[in-house]
Amino acid sequence: MAESGGLRRAYGALLAEVDAGGFGPAPEGQLSAEQIVAHLVANDELMIQATEALLAGSPFAYYEVEEDIHRPQLDALAAEQGGLRGLTALLHTTSDRLCGLVDQLGLAAETPVETHLREGFDLIVDESLPWSRTLDLHTRVHLPKHQAQLQMLRA
19 MAESGGLRRA YGALLAEVDA GGFGPAPEGQ LSAEQIVAHL VANDELMIQA TEALLAGSPF
79 AYYEVEEDIH RPQLDALAAE QGGLRGLTAL LHTTSDRLCG LVDQLGLAAE TPVETHLREG
139 FDLIVDESLP WSRTLDLHTR VHLPKHQAQL QMLRA
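Going from the sequence shown to the numbering used here is simple: count from 1 and add 18.
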């Protein structure tokens, strides 16, 4: 059974970091603050889709995200949203929406979801997992990892 308390706290800490601002340029080969927030928005959208599928009673859902592959898409999303400020507003919305959906899941949270997740060397998943487990990884590993990246970008 999933509930969004821990997820909301993880997003709260991450969004406080984003809202604090003051980010410098990214080191060579690293994501910029704008790209990190765009990645999180895109990731939220994928997680929302999978959660909505489970809420609709689908016996199967699919979730795939790879951190480094989609930089052109991240940059396009950033441009579309008007940069970091627009992306941050959107992240507040998508994270809140995801948490609200998670609160509705109940036993559907245990539905297996085909999960393909590659975030550097820290987080590699390529298997069917109960959605509650993927949400837990997002809460305990994925969001804190990006929060730490943002902290390191602060000049």
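Note that CB positions come from ideal geometry on N, CA and C, so glycine has one too. Here the structure is a predicted model, which means the values were calculated and not measured.
On the criterion of 16 or more Cβ atoms from any shown chain inside 10 Å, does residue 125 qualify as buried, or is it exposed? As a first step, residue 125 must be located in the sequence shown, where it is residue number 107. Classification of residue 125: exposed, given that the 10 Å Cβ count is below 16.
So, are the CB atoms of residue 54 and residue 167 less than 8 angstroms apart? Here residue 54 refers to the residue found at position 36 of the sequence shown. Here residue 167 refers to the residue found at position 149 of the sequence shown. Closer than 8 angstroms, so yes.
Sub-8 angstroms separation of residue 162 and residue 28 beta-carbons: The residue given as residue 162 occupies position 144 in the sequence shown. The residue given as residue 28 occupies position 10 in the sequence shown. A contact, by the Cβ cut-off of 8 angstroms.
Which residue wins for smallest C-alpha separation from residue 108, given the options 146, 56, 67, 141? The residue given as residue 108 occupies position 90 in the sequence shown. That would be 56, whose Cα lies nearest to the Cα of residue 108.
Nearest-angstrom Cα distance between residue 114 and residue 40? Here the question's residue 114 lines up with position 96 in the sequence shown. Here the question's residue 40 lines up with position 22 in the sequence shown. Taking the straight line from one Cα to the other gives about 24 angstroms.
Looking at residue 141 and residue 147, is the spacing between their C-beta atoms short of 8 angstroms? By one-based count along the sequence shown, residue 147 stands at place 129. By one-based count along the sequence shown, residue 141 stands at place 123. It is not a contact, given that the beta carbons lie outside the stated cut-off.
Would you mind stating whether residue 119 and residue 70 have Cβ atoms separated by less than 8 angstroms? Translated into the one-based positions of the sequence shown, residue 119 becomes position 101. Translated into the one-based positions of the sequence shown, residue 70 becomes position 52. Yes, the pair counts as a contact, with Cβ atoms nearer than the cut-off.
In the DSSP output, which residue or residues are listed as bridge partners for residue 146? For this step, residue 146 is matched to residue 128 along the sequence shown. The partner list for residue 146 (beta bridge, DSSP) reads 132.
Cβ neighbour criterion (16 or more within 10 Å) applied to residue 106: The sequence position of residue 106 within the sequence shown is 88, counting from 1. It counts as buried.
If you draw a straight line from the alpha carbon of residue 97 to that of residue 145, how long is it in whole angstroms? Counting from 1 along the sequence shown, the entry for residue 97 is found at position 79. Counting from 1 along the sequence shown, the entry for residue 145 is found at position 127. If I take the Cα positions, the gap works out to 34 angstroms.
By how many angstroms is the C-alpha of residue 52 removed from the C-alpha of residue 101? By 1-based counting over the sequence shown, the position of residue 101 is 83. By 1-based counting over the sequence shown, the position of residue 52 is 34. Rounded to the nearest angstrom, the two C-alpha atoms are 7 angstroms apart.
Distance, residue 37 Cα to residue 111 Cα: For the purposes of this step, residue 111 is taken as the residue at position 93 of the sequence shown. For the purposes of this step, residue 37 is taken as the residue at position 19 of the sequence shown. Straight-line Cα distance between these residues: approximately 14 angstroms.
As a quick exercise: from 89, 80, 64, pick the residue whose alpha carbon is nearest that of residue 47. As a first step, residue 47 must be located in the sequence shown, where it is residue number 29. Among 89, 80, 64, the Cα nearest to that of residue 47 is on 89.
When you compare only the Cα positions, how much space is there between residue 43 and residue 74? What you label residue 43 is simply residue 25 of the sequence shown in a count that begins at 1. What you label residue 74 is simply residue 56 of the sequence shown in a count that begins at 1. Going by the C-alpha atoms only, they are around 42 angstroms apart.
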